[in-house]
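Numbering follows UniProt numbering, in which position 123 of the sequence shown is assigned residue number 123; successive positions increment by one, without gaps. Just so you know, even glycine gets a beta-carbon here, dropped at the ideal spot from N, CA and C. One structure below.
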Amino acid sequence: MTDQDAYQRALDNAERLLGQPLVLPLGDGEPPVGQDFRRLATVQTFGEAWPREGLDLHSRCLVSVAIAAALGTHEPLRGQLRIALQSGVTKEEIVEVFIHLAAYAGAARAFDGYQVVAAVFAERP
């Protein structure tokens, strides 16, 4: 498989998970090598990690939401929430993740991430 084939496979998988194409344009003032970062991260994430068979999709979604929330990374959390909801994880299950997160990562971290949860829930009434 060529690098381009691996990248296309990762993009296809990302689109399936997100329910829409993954678009990662360069930002203002960003050098062209930034596209290499996007390609490598996309292949590693959506081409190598997500398709593995060791966890089912539902479990992988819940783990990914919990990791992004525990790290306090709002934009990745937003994406992981969208993937989870697109993949059949319920809003109630996501709330349970945050209840558990509060116990293990702290209430402040859980409340901070939950603001992102509320915004994503509002996108999908």
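| Check | Outcome |
| --- | --- |
| If you compare alpha carbons, which of G72, A66 and I83 is closest to E96? | A66 |
| Distance check for L24 and R38, CA to CA, integer angstroms please. | 7 Å |
| Check the C-beta distance from V63 over to A6 and give it rounded, since I have them as a contact under 8 Å. | So it is not a contact: roughly 23 Å between Cβ atoms. |
| At the level of alpha carbons, what is the spacing between T73 and Y114? | 12 Å |
| Looking only at C-alpha atoms, which of A70, A122, I94 and D112 sits nearest to Y104? | A70 |
| Helix, strand or coil for residue 133 per DSSP? | Given that the chain is displayed from residue 1 to residue 125, the structure contains no residue 133 and the question cannot be resolved. |
| Could you pull out every residue in the same chain whose Cβ sits closer than 6 Å to the Cβ of P76, ignoring the five residues on either side in sequence? | A68 |
| With distances taken Cα to Cα, identify the nearest neighbour of G19 among I83, F121 and L57. | I83 |
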